[in-house]
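The opening position of the sequence shown corresponds to residue 3 in the numbering used here, with each subsequent residue numbered one higher.
Here's the structure we're looking at; comments come further down.
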Amino acid sequence: MIKCIVDLFGDEAYARYRHRLFYLVLVLIVVADFVVPRAHVEYLWERLPGWSAVYGFVSCVLLIFVSKFLGHQGGLMRREDYYD
């Protein structure tokens, strides 16, 4: 059982299947955002369908770019042989 899961996420032979599975999950999350009623919202943008998915995706991409910037331009990243 565990070997099947490891093969699914690690083997290149399953790359196409893995991508389709991830896209299917993403579509299901966005569709669920349209279906689930939002009764107790505090801000206007929380009523927009798909807001949670867009906000999460943009936040993740922004976090990656900020960390890359801090690592390369901010001087946090060192050469591989820095401590030798």
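Here a beta-carbon is modelled for each residue, glycine too, at the ideal position from N, C-alpha and C.
Remember, it's a predicted structure, so these values are computed and weren't measured experimentally.
Beta-carbon proximity list for residue i, same chain, < 6 Å, skipping 5 on both sides
i, result
"Tyr16", "Leu10"
"Trp47", "Trp53"
Residue range of the unbroken alpha helix (DSSP H) whose run includes residue i
i, result
"Tyr25", "Ala17 to Val37"
"Leu72", "Trp53 to His74"
Nearest residue (CA-CA) to residue i, options the options
i, options, result
"Arg59", "Leu28, Arg40 and Leu46", "Residue identity check: residue 59 is Phe in the sequence provided, not Arg. Of the candidates Leu28, Arg40 and Leu46, the one whose C-alpha sits nearest the C-alpha of Phe59 is Leu28."
"Leu78", "Asp86, Tyr85 and Ser69", "Ser69"
"Pro39", "Arg49, Tyr45 and Leu30", "Arg49"
Residues near residue i in its chain [Cβ-Cβ closer than 8 Å; skip 5 each side]
i, result
"Gly52", "Val32, Asp35 and Phe36"
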